[in-house]
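Novice: The sequence shown lines up with residues 1 to 331 when you count with our numbering.
One structure, pasted below without further comment.
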Amino acid sequence: MSSHLKDIKYLFKNIAFGEISLSKNEINLYDSLNSNIISLCRTLPGSMQNMAMLFLLDYFHIKTGEPVDFMYYYYKPLWTIIPSIIESGMQIHKLTKSEIETAMTGEAMALFLHSLDDHLNDGDIPSSHLMLLLRSQAWLLFSRAVAEFADGKDGSDAANMLINDYYEGVCADNEPGGLEEYCSRFRKEMSTINVMPLLAAQKITGSADFTEKIKNATESFGIAWRILDDIQDAEKDIAAGAHTALYYALPGNARKLWDANGNRADLNKKAGIRNEIYRELGRGIMLDSLIERIVRELENARETVEALGMHGMAKQYRAVGAPVKKWLSER
1 MSSHLKDIKY LFKNIAFGEI SLSKNEINLY DSLNSNIISL CRTLPGSMQN
51 MAMLFLLDYF HIKTGEPVDF MYYYYKPLWT IIPSIIESGM QIHKLTKSEI
101 ETAMTGEAMA LFLHSLDDHL NDGDIPSSHL MLLLRSQAWL LFSRAVAEFA
151 DGKDGSDAAN MLINDYYEGV CADNEPGGLE EYCSRFRKEM STINVMPLLA
201 AQKITGSADF TEKIKNATES FGIAWRILDD IQDAEKDIAA GAHTALYYAL
251 PGNARKLWDA NGNRADLNKK AGIRNEIYRE LGRGIMLDSL IERIVRELEN
301 ARETVEALGM HGMAKQYRAV GAPVKKWLSE R
């Protein structure tokens with residue numbers, strides 16, 4: 001294998017977001033998110049609770065004796081936006097302890113459902129009575145939290161619009177026309193994750209403009225997350241013929257190779273096609289442009305929240321993007 005192909009594969013395996021340090025309050029909320037996943041199991045019929053917990057431990061790759069941490073695989077800025085809004089200085093309503101707990105329940109279920117729905121739809125997890133029960137119960141708890149947290153009809157309407165956007169995104173049956181449409185679709189696909197942050201923004205500040213800017217920031221982070229995830233999963237996605245950000249960044253002839261690789265049975269031919277796709281990705285600025293897009297989206301998110309007085313959140317977005325920015329500067 002050429003050193004160039006090794007470099008591309010090294011990139012796929014090693015590019016990553018940076019870690020952030022949580023405040024004491026954020027650590028408490030992180031514990032609350034985790035406890036809500038345990039509570040999800042406890043709301044199931046008694047005969048299914050142990051089975052559900054065993055599934056979740058396996059799903060989140062938690063081994064015997066390890067801390068029970070269900071939130072480890074979710075990037076923290078997806079939920080730290082809520083405590084950051086509270087600390088923004090734009091507060092006209094102080095959330096009660098009960099309201100914060102409700103927001104964390106809704107966010108925990110939204111994060112879990114975003115992941116579970118994706119795996120169930122792709123067939124990564126076989127459908128079963130347990131999965132149907134777990135998914136249904138998570139959605140029920142999410143819906144209850146939204147109904148309890150939303151402020152009147154306006155809040156309910158806003159939440160319903162986001163839920164509608166989610167299903168428009170995940171159930172779209174047409175092929176995206178290119179990278180921009182692919183990214184726009186993901187904005188919809190992450191809408192349920194944004195329900196609680198946006199309801200919190202409106203409840204805390206009473207400002208539609210503030211809330212819209214929070215939406216812009218969280219969606220910018222989401223696009224950066226989607227593209228990074230696609231780069232990390234490139235080898236698996238190319239082998240499966242799955243259409244991702246990398247696919248839409250390629251010219252037409254390389255996309256045909258990508259599709260052919262997913263359809264061929266001959267392993268030798270598949271390996272040759274994959275290597276040609278890697279070479280194509282490495283030519284010019286294709287991969288670099290995707291990494292630049294990650295940096296640009298994170299910078300947009302950072303600038304947006306900085307302007308809103310959310311300096312801690314801005315620091316988190318900067319920390320998350322630092323390794324990617326460093327990677328780009330060294331290429």
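For glycine and all other residues, C-beta sits at the position ideal for the given N, C-alpha and C.
The structure presented is a predicted model; accordingly, all values stated were derived computationally and were not measured.
By the 10 Å Cβ neighbour count, where 16 or more other Cβ atoms means buried, how is isoleucine 27 classified, buried or exposed?
Specialist: Counting from 1 along the sequence shown, the entry for residue 27 is found at position 27. Burial call: exposed.
Novice: Just checking my contact of leucine 199 with lysine 215 at CB under 8 Å: how many whole Å lie between their CB atoms?
Specialist: On the sequence shown, position 199 is the one that residue 199 refers to. On the sequence shown, position 215 is the one that residue 215 refers to. Incorrect: roughly 11 Å between the Cβ atoms, too far for contact.
Novice: Identify which residue in Ser84, Leu29, Asp124 has its Cα closest to the Cα of tyrosine 59.
Specialist: Locating residue 59 in the sequence shown gives position 59, counting from the first residue. Cα-wise, what sits closest to tyrosine 59 is Asp124.
Novice: Can you look up proline 83 in the DSSP assignment and give me helix, strand or coil?
Specialist: For the purposes of this step, residue 83 is taken as the residue at position 83 of the sequence shown. Reduced to three states, the DSSP call for proline 83 is helix.
Novice: If leucine 33 sits next to glutamate 107, beta carbons under 8 Å apart, how far is it from one beta carbon to the other, in whole angstroms?
Specialist: On the sequence shown, position 33 is the one that residue 33 refers to. On the sequence shown, position 107 is the one that residue 107 refers to. That pair is a contact at about 7 Å.
Novice: Taking C-alpha atoms, which residue in Asp209, Ile100, Met48, Glu19 lies nearest to tyrosine 72?
Specialist: Looking up residue 72 in the sequence shown gives position 72. The shortest C-alpha separation from tyrosine 72 is found at Glu19.
Novice: Apart from the five residues on each side of it in sequence, which residues of its chain come closer than 6 Å, Cβ to Cβ, to glutamate 148?
Specialist: Numbered from its first residue, the sequence shown carries residue 148 at position 148. Closer than 6 Å at the Cβ level, and outside the excluded window around glutamate 148, lie Thr102.
Novice: What three-state label does DSSP hand phenylalanine 112 in the structure shown?
Specialist: Counted from its first residue, the sequence shown places residue 112 at position 112. Phenylalanine 112 falls in the helix class under three-state DSSP.
Novice: Between alanine 254 and isoleucine 277, what straight-line distance do the alpha-carbon atoms span, to the nearest angstrom?
Specialist: For the purposes of this step, residue 254 is identified with residue 254 of the sequence shown, where counting begins at 1. For the purposes of this step, residue 277 is identified with residue 277 of the sequence shown, where counting begins at 1. Rounded to the nearest angstrom, the two C-alpha atoms are 6 Å apart.
Novice: So, is methionine 288 buried or exposed, given that buried needs 16 or more other C-beta atoms within 10 angstroms?
Specialist: As a first step, residue 288 must be located in the sequence shown, where it is residue number 288. The sequence given here has aspartate at residue 288, not methionine. So aspartate 288 ends up on the exposed side.
Novice: If I measure Cβ to Cβ from alanine 172 and keep anything under 7 Å in the same chain, skipping five residues before and after, which residues do I get?
Specialist: In the sequence shown, counting from the first residue as 1, residue 172 sits at position 172. Closer than 7 Å at Cβ, skipping near neighbours: Arg185.
Novice: Hey, how far is the Cα of aspartate 387 from the Cα of isoleucine 62?
Specialist: Summary: the structure shown does not reach residue 387, with the chain confined to residues 1 through 331, and so no result is reported for it.
Novice: Are the beta-carbon atoms of phenylalanine 221 and leucine 308 separated by less than 8 Å?
Specialist: Locating residue 221 in the sequence shown gives position 221, counting from the first residue. Locating residue 308 in the sequence shown gives position 308, counting from the first residue. Cβ distance not < 8 Å, so phenylalanine 221 and leucine 308 don't count as in contact.
Novice: Provide the residue span of the alpha helix (DSSP H) that contains serine 156, from first to last.
Specialist: Position 156 of the sequence shown holds residue 156. That run of the alpha helix (DSSP H) goes 152-170.
Novice: Should alanine 201 be labelled buried (16 or more other beta-carbon atoms within 10 Å of its own) or exposed?
Specialist: For the purposes of this step, residue 201 is taken as the residue at position 201 of the sequence shown. With 16 or more other Cβ atoms within 10 Å, it is buried.
Novice: Could you please give the first and the last residue of the uninterrupted alpha helix (DSSP H) stretch that includes aspartate 31?
Specialist: Walking along the sequence shown from the start, residue 31 turns up at place 31. Start and end: 24-42.
Novice: Where alanine 249 and alanine 52 are concerned, what is the direct C-alpha to C-alpha distance, given to the nearest angstrom?
Specialist: To locate residue 249, count along the sequence shown from 1; it is residue 249. To locate residue 52, count along the sequence shown from 1; it is residue 52. If I take the Cα positions, the gap works out to 40 Å.
Novice: For methionine 90 versus threonine 218, is the C-beta distance shorter than 8 Å?
Specialist: Numbered from its first residue, the sequence shown carries residue 90 at position 90. Numbered from its first residue, the sequence shown carries residue 218 at position 218. Result no, Cβ atoms of methionine 90 and threonine 218 do not sit closer than 8 Å.
Novice: Out of Thr80, Glu175, Glu189, which has the shortest C-alpha to C-alpha gap to tyrosine 167?
Specialist: Within the sequence shown, residue 167 is the residue found at index 167, counting from 1. Tyrosine 167 has its Cα closest to that of Glu189, out of Thr80, Glu175, Glu189.
Novice: Whole-angstrom Cβ separation of valine 305 and glycine 321, contact assumed at under 8 Å?
Specialist: As a position in the sequence shown, residue 305 is number 305, starting the count at 1. As a position in the sequence shown, residue 321 is number 321, starting the count at 1. Contact flag wrong, Cβ pair sits at about 13 Å.
Novice: Got a sec: does the ligand SAM put a non-hydrogen atom nearer than 7 Å to the Cβ of glutamate 107?
Specialist: The ligand SAM is not among the ligands present in this structure, which contains no ligands whatsoever.
Novice: Secondary structure at alanine 319, three-state DSSP: helix, strand or coil?
Specialist: The residue given as residue 319 occupies position 319 in the sequence shown. DSSP places alanine 319 in helix when its eight states are reduced to three.
Novice: Let's test the definition: count the other Cβ atoms within 10 Å of the Cβ of lysine 326 and tell me whether it reaches 16, buried, or not, exposed.
Specialist: For the purposes of this step, residue 326 is taken as residue 326 along the sequence shown, with counting starting at 1. Exposed: under 16 other Cβ atoms inside 10 Å.
Novice: Who are the near neighbours of alanine 314 in its chain, counting only those whose CB is closer than 7 Å to its CB and skipping five residues on each side?
Specialist: To locate residue 314, count along the sequence shown from 1; it is residue 314. Closer than 7 Å at the Cβ level, and outside the excluded window around alanine 314, lie Arg302, Val305, Glu306.
Novice: When the Cα atoms are used, what is the spatial distance from isoleucine 82 to alanine 271?
Specialist: Position 82 of the sequence shown, counted from the start, is the residue given in the question as residue 82. Position 271 of the sequence shown, counted from the start, is the residue given in the question as residue 271. Approximately 45 Å between the Cα atoms of the pair.
Novice: Which residues bound the alpha helix (DSSP H) around phenylalanine 70?
Specialist: The count along the sequence shown starts at 1 and reaches residue 70 at position 70. Neither: phenylalanine 70 is in no alpha helix (DSSP H) and is coded neither H nor E.
Novice: Who are the near neighbours of methionine 1 in its chain, counting only those whose CB is closer than 6 Å to its CB and skipping five residues on each side?
Specialist: Counted from its first residue, the sequence shown places residue 1 at position 1. Note that methionine 1 has pLDDT 46, beneath the 50 cutoff, so the model's placement of it is unreliable and the number below is only indicative. Closer than 6 Å at the Cβ level, and outside the excluded window around methionine 1, lies no residue.
Novice: Let me check understanding here. Comparing Cα to Cα, which of Tyr75, Trp79, Lys203, Pro126 lies closest to isoleucine 92?
Specialist: In the sequence shown, the residue the question calls residue 92 occupies position 92. The residue with the shortest Cα to Cα distance from isoleucine 92 is Lys203.
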